[in-house]
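Residue numbers 846 to 1153, in my numbering, belong to the letters of the sequence shown in order.
Ideal placement from N, C-alpha and C gives every residue a C-beta, glycine not left out.
Remarks on the structure that follows.
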Amino acid sequence: MEEIKFIARESDAGLRLDKCIAVNHPEVSRSYVQKLIESGGAWINGNTGRCKDFVKEGDEVKVLIPAPEGLEVDAEDIPLEVIFEDDDIIVVNKPKGMVVHPAAGHYTGTLVNGLLYHCKGSLSGINGILRPGIVHRIDKDTTGIIVACKNDTAHRSLAEQFKEHSITRRYEALVYGVFKEPEGRVESFISRNPEERMKMMVNPTRGKFAATNYRVKEQFGNKYSHIVCQLETGRTHQIRVHMTSLGHPLLGDTVYGPKKDPFQLTGQTLHAGVLGFVHPSTGEYMEFSSELPEYFTNLMEKFRTKFC
């Protein structure tokens, strides 16, 4: 059993208890926090808390996290492209179509299933039984670099870096249209779409702050652009939402872009090309990169032939 205790700051005032705990300890997912609170495992100033309770500055918040349960997710012998591995972390180049962790409709064939086999169960347990080792995610159809943690100490270190936005994250994407300027920046709040709960949206007044810096790498006539995006924050669907807000949805993204994809792609053309962070044990900055997948480069060659 692990006890988390902290004093609510000014920035925590007015937050629901479940959100306040998740904000202060991002290594624990909000859905998991809610389950802990509902089971009577959280307190405000010594009184049992409820998810809907609002926190005030100076409140003492405490939550008890049970020891990780025995994993119910099967280890599967799934080929993984491992870029780096030691006793603390494993860095993998995720292919298109692979879900990161088990969830409704995807309980097999995920990255977690493969990691459990490859790492022989040696993964951090902080994020619950369905997300062992997972400290961040990329979408199913996004390719590229992802890091997982083999122990809780490494998990806490990486989670803190993600919380402080000190992680280097560079993505490459193909988008509709061309840009007037060679580079730019998008700042906004991003929240869940109240009408379509599977989608996120730019919200002028509420949600989580998000910032994306982008640079045009290549343009194909007046039709399409190849861009590089550097994330300052890491919100759900951030690049997809921000580019759509500029009028440049990602090719293949039928959720935020055109419903009919003329290229018959399986999901958005988005690649997590660079990931950099401070190693949790050595303190050394490490940066990993991944080449663009073949489908991505083949599409650009077709564009060069047709539009350039």
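Asked                                                                                                                                                            : Found
Taking A1056 as the reference, give the member of E1132, H1124 and R1014 with the closest Cα.                                                                    : R1014
Which of the three DSSP states is assigned to H1116 in this structure?                                                                                           : strand
Can you check which of these residues, T1111, L1091 and G1092, is closest to T1099 by C-alpha distance?                                                          : T1111
Measuring CA to CA, which of A867, K941 and P924 is closest to K907?                                                                                             : A867
So, are the CB atoms of T893 and G885 less than 8 Å apart?                                                                                                       : yes
Using a Cβ-Cβ cutoff of less than 7 Å, which residues in the same chain neighbour F851 once the five nearest sequence positions on both sides are dropped?       : N869 and V906
Can you pull the DSSP bridge partners for F1133?                                                                                                                 : L1120
Give the range of the beta strand (DSSP E) segment to which E1063 is assigned.                                                                                   : K1053 to F1065
By Cβ distance, which residues of its chain are closer than 8 Å to D997, with the 5 residues on each side in sequence left out?                                  : S969, G970 and I971
Spell out the partners DSSP gives K864 in its beta bridges.                                                                                                      : Beta-bridge pairing links K864 to no other residue.
Report the CB separation of G1102 from L1091 in whole angstroms; it is logged as a contact under 8 Å.                                                            : So it is not a contact: roughly 12 Å between Cβ atoms.
Check for me: the alpha helix (DSSP H) holding E1005 runs from which residue to which?                                                                           : D997 to K1008
In terms of DSSP beta bridges, what is E1032 paired with?                                                                                                        : A1056
In whole angstroms, give me the CA-to-CA distance for G1052 and S856.                                                                                            : 14 Å
So, for I934: in the same chain, excluding its five sequence neighbours on each side, which residues have a beta-carbon less than 8 Å away from its beta-carbon? : V992, A993, C994, K995, A999, L1003, H1124 and P1125
Quick one: Cα of M1045 to Cα of G954, how far?                                                                                                                   : 26 Å
Between V1061 and E1017, is the Cβ-Cβ spacing less than 8 Å?                                                                                                     : no
Leaving out five residues on either side along the sequence, give the residues of the same chain with a beta carbon under 7 Å from the beta carbon of H1010.     : E1077 and T1078
Leaving out five residues before and five after R861 in sequence, what residues of the same chain have Cβ atoms less than 8 Å from its Cβ?                       : C896, K897, D898, F899 and V900
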